[in-house]
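So the protein sequences, as listed, match chains A and B. Start counting the first sequence at 34; every next residue gets the next number (the numbering used here). Start counting the second sequence at 34; every next residue gets the next number (the numbering used here).
Protein chains: 2
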Amino acid sequence: MEKLTGKAIIAMGGGPTAVINQSLVGAVLQARQYPHITQFYGAFRGVEGLVEEQLVNLSEATRHNLEMVARTPGAGIRSTRVKPDEEHCKRIFDVCKAHGIHYFFYIGGNDSAETCRIVNKFAMEESYELRVMHIPKTIDNDLLVTDHCPGYGSAAKFVAQAFSGANLDNRSIPGVYIGVVMGRHAGFLTAASVFAGKYEDDGPHLIYLPERPFDNDRFLADVEAVYRKYGRAVVAVSEGIQSAEGVPVAATLVADVEKDAHGNVQLSGSTSLGDALMNLVKEKLKIKRVRSDTFGYLQRSFLGCVSDVDASEAREVGERAVQIAAWHRVDGSITIERVGDYSVRYKLASLQDVAKETKSMPESYIEGHNNVTTEFKNYARPLMGPLPVYERIHAPKVEPILTRDSPTTLL
Amino acid sequence: MEKLTGKAIIAMGGGPTAVINQSLVGAVLQARQYPHITQFYGAFRGVEGLVEEQLVNLSEATRHNLEMVARTPGAGIRSTRVKPDEEHCKRIFDVCKAHGIHYFFYIGGNDSAETCRIVNKFAMEESYELRVMHIPKTIDNDLLVTDHCPGYGSAAKFVAQAFSGANLDNRSIPGVYIGVVMGRHAGFLTAASVFAGKYEDDGPHLIYLPERPFDNDRFLADVEAVYRKYGRAVVAVSEGIQSAEGVPVAATLVADVEKDAHGNVQLSGSTSLGDALMNLVKEKLKIKRVRSDTFGYLQRSFLGCVSDVDASEAREVGERAVQIAAWHRVDGSITIERVGDYSVRYKLASLQDVAKETKSMPESYIEGHNNVTTEFKNYARPLMGPLPVYERIHAPKVEPILTRDSPTTLL
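Quick look at the structure:
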């Protein structure tokens, strides 16, 4: 097949991850092997930079600099929440054409895949060959077709380690602890809290996912039962939990609901859900020590909590996108297929299939209304890689001398 | 000097840290060298376990188990928020006497040192030789006499890494980010956010400590100035910030203020301060993208973020406490003296001197009303050990073809 000669451009869309720069660097360095990819541009602030023609020449970045950037969380060439309309997409195509760009790479979620699809449409209408590749990225892990999404493993690792610590803290001074985790519609990230536990009575004891309707009374009954059993309770809650009527529990509590350009309710950055649930438990169950944390932006950006598996896959989807476009003159979205236990293969899906919708946790990953299954654990564990270990003291009880009754187990 | 033969006991008080178990394990293993320390007990739930005679025999824990526990965050034998009164302290002494305990070790902050002092008083009144040692621990870093406190370095490392990530995230999609950090009266932990920045325009751009009165209008002016300059702003705020009248900014906003047994207002576990400041910026400065995170319990318990220096010093204060008590038959609080740059020496202070009060950031560590000095950085940097590195892309701008005006710097 004859090679398509021209420049390439890469952009980032939506919330950044701990490994999004791996994909960027993978793409840029992979392209240096192909003389027909003449230069590699980066769009500053995603589609905003494309529309405003704010571009940088990544071909002039050194390999060492890029390798350091690959290890850096956040969007190295900045990102955007702007969802381009048809006019914007036309303008993006015009900019590509003016610069002789024939390879277009966009790292993002399903909205970014949709942008890819529309830009591709304009190119085809003008019979300008523009190879458009979507590179998957989202901590929500909610893209269709692919087995999982780069960015998820590292965020899941953070959530697991955060709940491990929270569980140990809660065990130190018992009470009820509620941790609120990101994930608007899909519970994958909240579900990763299950890896925090090691011993049978470790938290999180209850996991509430957006895939199951949330009921205040049932929640209180759950917490009370755990508290009675263990004298404490660690609860993982998705920010996206909804009532049976489909009303986000968070949205019903926030006075001024902010919406982003995609029409999505802004859930992160407000901690009302955690506070509201905390107050509910305090008031109804009369438990004095009730605490709530909303993990917020730490879970997608914390410097120093990266899954090696996630980093390496994020790197390779970037490399694959360039390789496939450079060799095969096709468009699409890179997907990860799980083969064996655990290894993966990279494939290409159509932009339309990935852009269409998002996915939720499958039924087989959810147990009842407040837990996850072993099947989920088997699915998610390899994506995080090994977690730090911790241990309890194993020591016998001392017989009391002054006191009559004393509990049989202490540690 | 003749050796004092008898059992030893250890307990933990107050909020746990990432390295508190290092001190526990240091003490227990150090004591195994001294035949005159016949057994080593642990009090379950701090002074609560002492009063209720809920004890475990740590002499029967294996070395391997203890070494694994040393690496585990949280209070390995559990902790308590209970502050014992005189009657409780008398009971603690009675339990010690009944069990033939002659060595009493208490890991905690200044309240724990005060408990040590009172228990010691009862022992002296009855001419029962009880060697009472306070082992310092607090993420607040607010104990008197000692240069710094075990637990602080690891929490500071978490705060620095959290703000590094938050800064990179904020740079990816600009706006105003407010991170609320623990520290009721002392700003040491909030101040550690300064280590998040690498480049000149990196956040945190503003650091608000409880040592300086907080003024809403001045805060808004600060944020606006930074936002105008950089198009974004990352702000570190202590949970303990107060108005000029000494009213905690958080307390004025929380309807039901909960107090702990020490009469302290419960600040953590409620995120109202961050939300209130976020709404203030949104409303007054008309900035759309404003976000707030309250780091909460993650900063003292996160599994997998420990300072090596902190862990090793926490270990040694535990060892030192036992060694000094075993050899010299004295009481006191272990302190860390800084010698050279950077090394330390361990010394003994009187219980009374440490129990008395807490300390705040010295004036020489604070710059103006919203920053810290190089002297603080020189003080705190060695306590955290090396932080993960990150880097920006260094690549030149591409000349626009379709657009007239374009900014001169992009990345």
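C-beta: ideal position from N, C-alpha, C; glycine also. Given the structure is predicted, the values throughout are model-derived calculations rather than measurements.
- According to DSSP, residue pairing for residue 378 of chain B in a beta bridge involves B/370.
- Residue 401 of chain A counts as exposed, since fewer than 16 other beta carbons sit within 10 angstroms of its beta carbon.
- The Cβ of residue 267 of chain A sits no closer than 7 Å to any Cβ of chain B.
- Residue 175 of chain A does not reach chain B, its nearest Cβ partner there being about 19 Å away, counting only Cβ pairs nearer than 9 Å.
- Taking 7 Å as the CB threshold, residue 101 of chain B lines the interface with chain A.
- Contacts with chain B (Cβ-Cβ distance below 7 Å) from the segment 183-205 of chain A involve 194, 195, 197, 198, 199, 201, 202, 204, 205, listed in chain order.
- Neighbours of residue 98 of chain A across chain B, judged by C-beta separation under 9 Å: 424, 425, 426, 427, 428.
- Between residue 123 of chain B and residue 161 of chain B, the C-beta spacing is not below 7 Å.
- For residue 263 of chain A, no pairing in a beta bridge is given by DSSP.
- Inter-segment contact for the segment 77-96 of chain B and the segment 110-117 of chain B is present: three or more beta-carbon pairs are separated by less than 8 Å.
- Between residue 337 of chain A and residue 327 of chain A, the alpha-carbon positions lie close to 19 Å from each other.
- With distances taken between CA atoms, residue 96 of chain A lies nearest to B/424 out of B/430, B/435, B/178, B/424.
- Between residue 52 of chain B and residue 344 of chain B, the C-beta spacing is below 7 Å.
- Taking 8 Å as the upper bound for CB-CB distance, residue 310 of chain A and residue 325 of chain A are in contact here, some 6 Å apart.
- At a cut-off of 7 Å between C-beta atoms, residue 106 of chain A counts as an interface residue with respect to chain B.
- Assigned with DSSP and collapsed to three states, residue 280 of chain B falls in coil, not helix or strand.
- Pairing residue 308 of chain A with residue 268 of chain A, the inter-Cα distance amounts to about 13 Å.
- A straight-line Cα-Cα distance of about 43 Å links residue 281 of chain A and residue 393 of chain B.
- Listed in chain order, the positions of the segment 107-123 of chain A with a beta carbon within less than 8 Å of a beta carbon of chain B are 107, 108, 109, 110, 111, 112, 113, 114.
- Interface criterion met: the Cβ of residue 93 of chain B is under 7 Å from a Cβ in chain A.
- Contact check for residue 207 of chain A and residue 273 of chain A: beta-carbon distance about 29 Å, past the 8 Å limit, so the pair fails to qualify.
- Nearest CB-CB separation between residue 335 of chain B and chain A: below the 7 Å threshold.
- No Cβ of chain B is located within less than 7 Å of the beta carbon of residue 260 of chain A.
- Residue 166 of chain B is positioned such that its CB atom lies no closer than 7 Å to that of residue 41 of chain B.
- Among the CB atoms of chain A, none fall inside 7 Å of the CB of residue 139 of chain B.
- Here the segment 362-372 of chain B makes contact with the segment 175-183 of chain B; the two share three or more CB pairs at distances below 8 Å.
- In terms of Cβ geometry, residue 44 of chain A and residue 387 of chain A do not form a close pair [threshold 7 Å].
- Judged by DSSP in its simplified three-state form, residue 76 of chain A adopts strand.
- With its beta carbon at least 7 Å from every one in chain A, residue 216 of chain B lies outside the interface.
- With its beta carbon at least 7 Å from every one in chain B, residue 232 of chain A lies outside the interface.
- A distance below 7 Å between beta-carbons, with the five flanking residues on each side excluded, links residue 244 of chain A to the following residues of its chain, in chain order: 220, 393, 394, 399.
- Cβ proximity to chain A below 9 Å picks out 308, 311, 312, 315, 321, 322, 323, 324, 325, 326, 327, 328, 329, 330 from the segment 308-330 of chain B.
- Within chain B, 433, 434, 435, 436 have C-beta atoms less than 9 Å from the C-beta of residue 128 of chain A, given in sequence order.
- By the C-beta density criterion, residue 209 of chain B is buried, having at least 16 other C-beta atoms within 10 angstroms.
- For residue 274 of chain B, there is no enclosing alpha helix (DSSP H), as DSSP marks it with neither H nor E.
- Taking 8 Å as the upper bound for CB-CB distance, residue 153 of chain A and residue 384 of chain A are in contact here, some 7 Å apart.
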